Amino acid sequence: MRELRKGLSRQVIAALTIAWVNGVLALRRVPLWIISYLLMPLTLLFFFIIYGNPTIMKYALIGGTIMIAVSNGISILGDAAFYRIYVKYQDLLVATPIRPTSYIIGLSLSMLVFSAPGLALFVILMWLAGMLTPLFSATLAACLILTWAFSSFMGFTISTFFKQLRHVWPLVTILSLVLSVLPPIYYPATILPRGLQWIGALAPTGAAAMILHHVAGLANLESTALIASIASAIGYTVAFMLLSLSKMRWREK
Amino acid sequence: MVVGLVVAVGVIVSRDVWKRYGSGVLALRGVSFSVERGRLVALLGRNGAGKTTWVRIASTQLLPTRGTVEVLGFDVVSDPWSVREVIAMVPQEGFPMDLLTPFEFVFSYLLIRGYSRSEAKKLAREFLSLLELEPYMNTTIGELSGGLKRRVMVATVLASNAEVLFLDEPTTGLDPIARRGVWRALKEAKRAGGTMLLTTHYMDEAESLADEVVLVHDGKVMFVGSINDARKAIGSKFKVEVYGDLDIDGYDALKLRGMTIFYVDEGEAEEVLRRVVQRGFDATVKATSLEDLFIKVTGERIEEGS
Chain A
1000 MRELRKGLSR QVIAALTIAW VNGVLALRRV PLWIISYLLM PLTLLFFFII YGNPTIMKYA
1060 LIGGTIMIAV SNGISILGDA AFYRIYVKYQ DLLVATPIRP TSYIIGLSLS MLVFSAPGLA
1120 LFVILMWLAG MLTPLFSATL AACLILTWAF SSFMGFTIST FFKQLRHVWP LVTILSLVLS
1180 VLPPIYYPAT ILPRGLQWIG ALAPTGAAAM ILHHVAGLAN LESTALIASI ASAIGYTVAF
1240 MLLSLSKMRW REK
Chain B
450 MVVGLVVAVG VIVSRDVWKR YGSGVLALRG VSFSVERGRL VALLGRNGAG KTTWVRIAST
510 QLLPTRGTVE VLGFDVVSDP WSVREVIAMV PQEGFPMDLL TPFEFVFSYL LIRGYSRSEA
570 KKLAREFLSL LELEPYMNTT IGELSGGLKR RVMVATVLAS NAEVLFLDEP TTGLDPIARR
630 GVWRALKEAK RAGGTMLLTT HYMDEAESLA DEVVLVHDGK VMFVGSINDA RKAIGSKFKV
690 EVYGDLDIDG YDALKLRGMT IFYVDEGEAE EVLRRVVQRG FDATVKATSL EDLFIKVTGE
750 RIEEGS
């Protein structure tokens, strides 16, 4: 039991160390990343404020948090591929006692570090907009954690298929936009035909946003759509977590 | 030692390791040798000879198609986690993270390996100094030259104090002075009792550092032995390299891509050189080296494939 606890604490330290070097230190050296990740959601928020009304602005605030979480999470794709293919950091770590799970969690946590300043800004704006009821805050935390976990596990899984780095970079942008603009994140799923609102939950980011829209009172979802959203947000996260662990090339065949 | 048989119980024991990649390339064909405790062994061969494939298998990064490697008695195929506790590895073409300082990189690697913060700090400083990286300790790695970055990698792995170190071409891309700096550090680590396996295609590196050499060519082990064994296998102390195709009565000639090489002893060199010049050819006399072992065993020069 003591050995197990010792082993576990060693893995936790390893994961936190990776989050520290790839998140905290990297962000401290290149703070421009914060602006880079904030630019798109803030631009959308700006236009929603100019051309919209307070309700539409709330969509932009929810959409912004989802966009920041997903675009940071998916960025793990670039980092994981870079560390495996280019600088061989993964190879360096394979020949140590660190477990692959700790490595993935460490990199994922570092993505969370990158998104933290942007998320904090949007949460403050939500508070100013009077959205932060206890229920909404709890739902927001759960949805953001699921979105971050899903997108980083998915990014890691996809990174394992690449042998060349050049193919990875454009995919990060494409996936970020596809996952944060196409699904019902900046618009309500209720515009979809009745009985088909669950389609919005096919993307886990859409699912997270639909739950938040519902809890914030912005859109009254059908019960099937709500259940589909919860199942989608949790299901995708678990599926990609398992996939990332099984597909990762810790030891190649 | 005998090629193809594992005759000594070592810290690293490679038993009939074969590797065929998914692409169909047969990278290793029954590689067997052993490394005893506290020895530095150079795995020598051209690029593409199979050195990196073998090191990746031995350091638990790649599964062999057949055979296995044991490290301190732990099987890399069936018990990789025990192996990972006792090894450290400098990957080929591996570089530290650009945004960190050398100190942060080594320190974080040691934390990941399970060292306490105070131990990790102490070891990071000690080994960065050993690799003469003290002036750059707090400079962002992105600002360092390629050579300095490689030295950071070597310092990182040496600082781990792992019982067995694998170094895959650690000095590739370094200038001669920087290479000698790395050699000094490796000699120091060997004196401290470390067992090391180094891959290289630099003959001088193997001659300067290694207790033993394992010569690999086309995935097969062609020679295993000490530097003295290698010298005996070469047979002659000198060689006369002739730029052209030439035969001289009484001397065996080795023809190699437009060159003729005569392996001779001290007294014979002058005579061979005189006869070569008489026939109107240019020639140079050189002391033999591990390069000549490679030539004798494979019939090719190591640089041709490097």
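So the sequences go chain by chain: A and B. So the first sequence is numbered by this note's numbering: it starts at 1000 and just counts up by one. So the second sequence is numbered by this note's numbering: it starts at 450 and just counts up by one. Virtual Cβ for every residue (Gly too), placed ideally from N, Cα, C. In this text, all values refer to a predicted model and were calculated from it rather than measured experimentally.
Q: Using three-state DSSP, classify Glu568 (chain B) as helix, strand or coil.
A: helix
Q: State buried or exposed for Pro1096 (chain A), treating a residue as buried only when at least 16 other CB atoms are found within 10 Å of its CB.
A: buried
Q) Excluding sequence positions up to five away, which residues of its chain have a Cβ less than 7 Å from the Cβ of Thr1204 (chain A)? A) Ile1065, Val1069, Thr1146, Leu1178, Ser1179, Pro1182 and Ile1184
Q: Count the other C-beta atoms from every protein chain shown that fall within 10 angstroms of the C-beta of Ser1231 (chain A), then say buried if there are 16 or more, exposed otherwise.
A: Here Ser1231 (chain A) is buried. Its C-beta has 16 or more other C-beta atoms within 10 Å.
**Q.** Chain-ordered neighbours of Ala608 (chain B) on chain A, where CB pairs are closer than 7 Å
**A.** Result: empty, since nearest Cβ-Cβ is about 12 Å, beyond 7 Å.
Q: Using only alpha-carbon positions, find the residue among A:Ile1055, A:Ser1151 and A:Phe1121 that is nearest to His1212 (chain A).
A: Closest in C-alpha terms to His1212 (chain A), from the list A:Ile1055, A:Ser1151 and A:Phe1121, comes A:Ile1055.
Q: Look at the alpha carbon of Ser1151 (chain A) and the alpha carbon of Tyr1102 (chain A), and state the distance between them as a whole number of angstroms.
A: 12 Å
Q.
What would DSSP say about Phe1081 (chain A), mapped onto helix, strand or coil?
A. helix
Q | Cβ-based neighbour list, Phe576 (chain B), same chain, cut-off 6 Å, excluding 5 preceding and 5 following | A | Ala604, Leu607 and Ala608
Q: Classify Ser1243 (chain A) as buried or exposed, calling it buried when 16 or more other Cβ atoms lie within 10 Å of its own Cβ.
A: The residue in question, Ser1243 (chain A), is buried, as its Cβ has 16 or more Cβ neighbours within 10 Å.
(Q) Along the chain, where does the beta strand (DSSP E) containing Gly674 (chain B) start, and where does it finish? (A) Lys669 to Ser675
**Q.** Cβ pair Leu559 (chain B), Ala569 (chain B) closer than 8 Å
**A.** yes
Q. Can a CB atom of chain B be found closer than 8 Å to the CB of Trp1147 (chain A)?
A. Output row for Trp1147 (chain A): interface = no.
Q) What span of residues does the beta strand (DSSP E) with Ile1184 (chain A) cover, start to end? A) Unbroken run through Ile1184 (chain A): none, as it is neither H nor E.
Q: Name, please, each residue of chain A whose Cβ falls closer than 7 Å to the Cβ of Met586 (chain B).
A: Simply none; closest approach about 15 Å.
Q: Please name the residue in B:Phe615, B:Glu583, B:Arg574 and B:Val631 whose C-alpha comes closest to that of Gly596 (chain B).
A: B:Val631
Q) Three or more C-beta pairs closer than 8 Å, one from the stretch 684–691 of chain B and one from the stretch 647–667 of chain B: is that the case here? A) no
Q. How close, in whole Å, do the beta carbons of Leu1091 (chain A) and Pro540 (chain B) come, if the pair is a contact with beta carbons under 8 Å?
A. 6 Å
Q. Is there a Cβ from chain A that is less than 8 Å from the Cβ of Ala537 (chain B)?
A. yes
Q: Measure the beta-carbon distance from Leu548 (chain B) to Arg1028 (chain A) and round it to whole angstroms, keeping in mind my assumption that it falls under 8 Å.
A: 5 Å
Q. With C-beta atoms as the reference, is Tyr1171 (chain A) less than 8 Å away from Ser1107 (chain A)?
A. The sequence shown places Val at residue 1171 (chain A), rather than the Tyr named in the question. In this structure, Ser1107 (chain A) does not lie closer than 8 Å to Val1171 (chain A) by Cβ.
(Q) Helix, strand or coil for Gly754 (chain B)? Go by DSSP, reduced to three states. (A) Residue confidence is low: Gly754 (chain B) scores 45 on pLDDT, short of 50, so the model does not pin down where it sits. No coordinate-derived value is stated.
**Q.** Cα-Cα separation, Gly453 (chain B) to Ile1012 (chain A)
**A.** Interpretation of Gly453 (chain B) is limited by its pLDDT of 47, a score under 50 that renders its predicted location unreliable; no figure is taken from the coordinates.
Q) By Cβ distance, which residues of its chain are closer than 7 Å to Phe556 (chain B), with the 5 residues on each side in sequence left out? A) Cβ neighbours of Phe556 (chain B) beyond the five flanking positions: Ala569, Lys570 and Ala573.
**Q.** Through-space distance from Ala1218 (chain A) to Glu1050 (chain A), alpha-carbon basis
**A.** According to the sequence provided, residue 1050 (chain A) is Tyr. The question's Glu does not apply to it. The straight-line gap separating the alpha-carbon atoms of Tyr1050 (chain A) and Ala1218 (chain A) is approximately 20 Å.
(Q) As an exercise, report each continuous alpha helix (DSSP H) stretch of at least 4 residues that is fully enclosed by the stretch 1195–1248 of chain A, in chain order. (A) 1203–1214 and 1222–1246
(Q) If I measure Cβ to Cβ from Tyr1235 (chain A) and keep anything under 6 Å in the same chain, skipping five residues before and after, which residues do I get? (A) Phe1149 and Pro1203
Q. Around the Cβ of Arg1004 (chain A), are there at least 16 other Cβ atoms within 10 angstroms (buried) or fewer (exposed)?
A. exposed
Q. Between Ala457 (chain B) and Gly643 (chain B), what straight-line distance do the alpha-carbon atoms span, to the nearest angstrom?
A. Low confidence applies to Ala457 (chain B): its pLDDT is 48, below 50, so where it sits in the model is not reliable, and the reading given next is rough at best. Their backbone Cα atoms lie some 18 Å apart in a straight line.
(Q) Nearest by alpha-carbon distance to Phe1161 (chain A): which of A:Met1247, A:Gln1010 and A:Gly1062 is it? (A) A:Met1247
Q | Identity of the residue in B:Ile626, B:Met546, B:Ser508 and B:Phe544 nearest Ser531 (chain B) by Cα | A | The option with the nearest alpha carbon to Ser531 (chain B) is B:Ser508.
Q: Under 7 Å Cβ to Cβ from Glu618 (chain B), same chain only, skipping five residues before and after it: list those, please.
A: Gln541, Thr648 and Thr649
Q: State the DSSP-derived secondary structure class of Ile1097 (chain A), mapped to helix, strand or coil.
A: The DSSP-derived three-state label of Ile1097 (chain A) is coil.
Q.
Residues of chain B with CB closer than 9 Å to the CB of Glu1251 (chain A), please, in chain order.
A. Arg505, Gln510, Leu511 and Leu512
Q. Nearest to Leu1176 (chain A) by CA position, among A:Ala1025, A:Ala1014, A:Gly1063 and A:Pro1053, is which residue?
A. Here the closest residue by C-alpha is A:Gly1063.
(Q) For a cutoff of 8 Å on Cβ pairs, would you count Leu695 (chain B) as touching chain A? (A) No, Leu695 (chain B) lies away from the interface with chain A (no Cβ there is under 8 Å from its Cβ).
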